[in-house]
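Trainee: Sending over a structure as structure tokens; questions will come in a sec.
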Amino acid sequence: MQKLFNSKISSKNLITPFQQFTALEASAGIVMFIAAIVALLWVNLISLESYENIWKTKLTIGITSFSINETLHYWINEGLMAIFFFVVGLEIKRSMILGDLSSLKKSAFPIMAAIGGMLIPASIFIALNYNQETINGWGIPVATDIAFSLGVLSLLGRKVPLTLKIFLTALAIVDDIGAVLIIALFYTSEIIWLRIAIAGILLLILILANVSGIRNITIYCLIGICTWICFLHSGIHATIAGVLVSMTIPLKVQINTSEFVERCKNLLKYFEPPYDSRTSKGSSALSTLEQRSALNGLEIAVKDVESPLQRLEHSLHYWVAFFIIPIFALSNSGFIIDQDAISNTSSLTTGIIFGLLAGKPIGIFLFSYLSVKLGISNLPSGVNWKQIIGIGFLGGIGFTMSIFLSGLAFEAYDLISTSKMAIFSASLLAGVIGYLILKLTKTN
682 MQKLFNSKIS
692 SKNLITPFQQ
702 FTALEASAGI
712 VMFIAAIVAL
722 LWVNLISLES
732 YENIWKTKLT
742 IGITSFSINE
752 TLHYWINEGL
762 MAIFFFVVGL
772 EIKRSMILGD
782 LSSLKKSAFP
792 IMAAIGGMLI
802 PASIFIALNY
812 NQETINGWGI
822 PVATDIAFSL
832 GVLSLLGRKV
842 PLTLKIFLTA
852 LAIVDDIGAV
862 LIIALFYTSE
872 IIWLRIAIAG
882 ILLLILILAN
892 VSGIRNITIY
902 CLIGICTWIC
912 FLHSGIHATI
922 AGVLVSMTIP
932 LKVQINTSEF
942 VERCKNLLKY
952 FEPPYDSRTS
962 KGSSALSTLE
972 QRSALNGLEI
982 AVKDVESPLQ
992 RLEHSLHYWV
1002 AFFIIPIFAL
1012 SNSGFIIDQD
1022 AISNTSSLTT
1032 GIIFGLLAGK
1042 PIGIFLFSYL
1052 SVKLGISNLP
1062 SGVNWKQIIG
1072 IGFLGGIGFT
1082 MSIFLSGLAF
1092 EAYDLISTSK
1102 MAIFSASLLA
1112 GVIGYLILKL
1122 TKTN
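Start counting the sequence shown at 682; every next residue gets the next number (the numbering used here).
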């Protein structure tokens, strides 16, 4: 242990924020898949009734004069998923300002690919479901599950260049932007404008707080929760509140890196001779007032050099990845697998399967190919077109977002159940095909 702490830090031992992000998403995809399998086994081997009764359990949050009494399933889909979309919003904002979507040159290729990956699947679904009651499900095959797709990509290890992982991540983020817009514009009921107006005022307060340089995360969270409450039963899905609030979180830092380094140098001298001579060797605590004050100063410096957005994203990402998404998968993935469901070739089933399994890879490849040929963008370094086809199939792993959209598109249980069956089948096949293509493709 002592050897570990005394060893020098090498750049080879450090991981970038992007590598940390992809590793986390890959692990989350595995946990989510396990949760979905548990839901399927629960419904088909134990009892559908017990599964549904758990999620229909009423839960009251609030005080006597002001409380919300809803089912556990409601709190997961409206509450926890709002936090999920809040983190998605943080990722989108960071990517648009600092990351792979921060400039037109960087973002053109994944943006064009994502547009194709949304338009073609939606068009296929609409063509197969035109003039039918299932037409409202056109948004289901549009989505990409970033955790699942990166999870499959991680199985390939060093076979996949880093630029390809960056492309898939940027593609999925643009896809998320599209999904958010679809939910906001097309999956809304009758709008209660008073609630929306109050939410708008609260969002304006958050924007003013950002502009004024307020960095207290608690203030943003409290006003954000009030904004979410306003969106409940407003006609616009409450998860949109999560995205809108995330856009108001400050991304600017309090001090730059040069000032951070200078401040740390001044504080670290209290841990060097002659100051450290007061602390005996092997002591389990700092014994001098100067050292304790210096340590507190270092903590403040670390907080000042990191933006509130990055702190929130880092602290919430683990909760979203290993609690919210798995619990969503567990509560929404249960459906009966029977002979009728398997042999069902309804337009809803074919629309979702062909949308995800054919529309996604065709759309992603076609639009990215055209963007390069038209001089709009360049093919990422170290990446070839066969790998783009493979990524196109991984884009067909809709799962979380597709299941979420199916719940917004339909109210009838049989339509939702049929949708889940099609989503699960298409996502599984897309993942396997995408994996095999990338596995068998030689890297540049």
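Glycine included, every Cβ here is placed at the ideal spot set by N, Cα and C.
(1) Any idea if K739 is buried or exposed, counting beta-carbon neighbours within 10 angstroms, 16 or more meaning buried?
(2) For K737 and K933, I'd like the C-alpha separation in whole angstroms.
(3) Going by the DSSP bridge assignment, what does L740 pair with across the sheet?
(4) Where does S1106 sit, in a helix, a strand or coil, going by DSSP?
(5) Assuming F747 and S1052 make a contact with CB atoms under 8 Å, what is their CB distance in whole Å?
(6) Kindly list the residues whose CB is nearer than 8 Å to the CB of C945, restricted to its own chain and excluding five residues on each side of it in sequence; keep chain order.
(7) When the Cα atoms are used, what is the spatial distance from G1088 to L1117?
(8) Using 10 angstroms around the beta-carbon of T741, count the other beta-carbons present and answer buried if the total reaches 16, otherwise exposed.
(9) Tell me the DSSP secondary structure of T938 in three-state form.
(10) Using only the alpha-carbon positions, how far apart do L761 and P1007 sit?
(11) Please specify which runs of the alpha helix (DSSP H), each continuous and at least 4 residues long, are wholly inside the region 848-913, giving them in chain order.
(12) Answer yes or no: do A1002 and L831 have a C-beta to C-beta separation smaller than 7 Å?
(13) Report all residues from its chain with a CB closer than 7 Å to the CB of Q813; omit the five preceding and five following residues, and keep chain order.
(14) Between the Cα of M793 and the Cα atoms of T920, I1057 and L1119, which residue gives the shortest distance?
(15) Let me confirm a value: V926 is counted as buried when at least 16 other C-beta atoms fall within 10 Å, else exposed. Which label applies?
(16) Below 7 Å CB to CB, which residues in the same chain sit around G770 once its five sequence neighbours on both sides are set aside?
(17) Grouping DSSP H, G and I as helix and E and B as strand, with all else coil, what is K1123?
(18) Going by DSSP in three states, M928 sits in which element: helix, strand or coil?
(19) Keeping to the same chain, check which residues put their C-beta closer than 6 Å to that of T1122; ignore five residues upstream and five downstream.
(20) Nearest by alpha-carbon distance to T938: which of E987, N977 and P931 is it?
(21) Can you find the residues in the same chain that come closer than 7 Å, C-beta to C-beta, to I1114, ignoring five residues on each side of it along the sequence?
(22) Assuming A1111 and K1041 are in contact, meaning their beta carbons sit under 8 Å apart, how far apart are those beta carbons, in whole angstroms?
(23) Restricting to Cα atoms, I'd like to know which of I1070, G1071, P802 and S1012 is closest to M713.
(24) With the cut-off set at 7 Å, would you say G820 and I872 are in Cβ contact?
(25) Quick check on Y901: buried or exposed, where buried means 16 or more other Cβ atoms within 10 Å of its Cβ?
(26) Going by DSSP, what residue range makes up the alpha helix (DSSP H) through S746?
Mentor: With the given structure in hand:
(1) exposed
(2) 43 Å
(3) E751
(4) helix
(5) In fact, because the Cβ distance is near 51 Å, the residues do not count as touching under 8 Å.
(6) L979 and A982
(7) 31 Å
(8) exposed
(9) helix
(10) 11 Å
(11) 874-892 and 898-912
(12) no
(13) S1028
(14) I1057
(15) buried
(16) G923, V924, S927 and M928
(17) coil
(18) coil
(19) K1067 and Q1068
(20) E987
(21) F1074
(22) 7 Å
(23) S1012
(24) no
(25) buried
(26) Where S746 is concerned, there is no enclosing alpha helix (DSSP H), given that its DSSP letter is neither H nor E.
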